[in-house]
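The next block holds one structure in the form of structure tokens; read it before the comments.
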Amino acid sequence: IIVGFLSNQKPSLPATVQELAQPLVDPSVELYHKASSTVAKLWTHEGYRVFRDRLIDNADRNAFDQVISDVQRDFFIYPKEPLSEPFVIEELPNQLVFADFPERPAQPQIYKEFKMDDELSRILMDHLDDYNLTSQKPMHLILFDDAILHLAQIARSGRQSLIRLAALIANCKLQTVEVIKSYGQMVFREDLKKSLRVAGEKKQQCV
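End of the sequence shown = 207 in the UniProt record's numbering, gap-free, step of one.
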């Protein structure tokens with residue numbers, strides 16, 4: 001319809017525009033299908049991070065997986081307009097990762113999908129190297145798939161070593177407490193005040 005409108009129905013349009021009718025429309029259609037696939041994956045990922053990660057029983061996780069699968073089928077995977085890159089529930093959550101990991105610390109952070117491949121491992125290893133260069137307690141981590149998935153989870157939603165690395169990637173100052181035998185509610189409140197002063201008065205991002 002749009003091709004016909006641009007090429008035939010609007011003779012007043014410049015000839016160059018009429019000639020480019022099809023090339024102009026094709027990328028728009030391709031982008032529509034790619035965006036549909038990305039939105040479906042993003043919605044599924046957020047559901048896993050917000051809800052499934054908090055479930056502690058396999059029966060509950062399986063029930064949640066079924067709910068996600070039903071919603072995917074009913075609202076995202078259309079019979080007449082299938083996703084350009086369909087995915088199945090069996091691949092999740094182990095292969096679906098959305099995060100805002102910049103390739104380098106100084107680069108802008110963009111929340112996007114990452115594939116579980118060597119490229120993601122390289123990006124995270126670069127951040128780990130940066131951390132070890134500035135830390136008095138360098139971490140010698142092996143970033144296998146489960147560690148990467150756990151890092152992606154705690155970077156957006158805790159275990160100490162991955163939290164420190166996640167804080168570095170997010171450009172946040174890490175606030176820690178030293179729990180000793182006499183540590184009580186009053187001391188906790190003072191530690192909390194210190195963290196709030198860093199975030200509020202000094203306007204520093206912290207976790």
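Quick reminder that beta carbons are idealized off the backbone N, C-alpha and C, glycines included.
Taking only the alpha-carbon atoms, compute the straight-line gap between residue i and residue j and give it to the nearest angstrom.
| i | j | result |
| --- | --- | --- |
| Lys-115 | Val-97 | 7 Å |
| Glu-46 | Lys-193 | 31 Å |
| His-150 | Phe-76 | 27 Å |
| Ser-182 | Val-39 | 50 Å |
| Ala-170 | Leu-124 | 12 Å |
| Glu-190 | Asp-65 | 42 Å |
| Thr-16 | Ala-35 | 28 Å |
| Glu-113 | Asp-60 | 26 Å |
| Ile-180 | Met-186 | 13 Å |
With a 10 Å radius around its C-beta and 16 neighbouring C-beta atoms as the bar for buried, classify residue i as buried or exposed.
| i | result |
| --- | --- |
| Tyr-48 | buried |
| Lys-41 | buried |
| Ile-148 | buried |
| Arg-68 | Arg is not the amino acid found at residue 68; the sequence shown has Ile there. Answer is buried; the Cβ neighbour count reaches 16. |
| Leu-143 | buried |
Thinking C-beta only, is residue j closer than 8 Å to residue i?
| i | j | result |
| --- | --- | --- |
| Leu-174 | Tyr-131 | no |
| Glu-162 | Leu-128 | This sequence places Leu at residue 162; Glu is not what is there. Their beta carbons are not under 8 Å apart, which means Leu-162 does not touch Leu-128 by this criterion. |
| Ala-152 | Ala-199 | no |
| Gln-205 | Cys-172 | yes |
Original post:
What residue ranges within the region 132-191 form continuous alpha helix (DSSP H) runs of no fewer than 4 residues, ordered along the chain?
Top reply: Taken in chain order, the complete alpha helix (DSSP H) segments of 4 or more residues contained in the region 132-191 are 145-156, 160-169.
Subject >> Minimum length 4: unbroken alpha helix (DSSP H) runs contained in the UniProt domain "Dynein heavy chain 3 AAA+ lid" (22-76) >> reply: Restricted to the UniProt domain "Dynein heavy chain 3 AAA+ lid" (22-76), the alpha helix (DSSP H) segments that are unbroken, complete and at least 4 residues in length are 58-71, listed in chain order.
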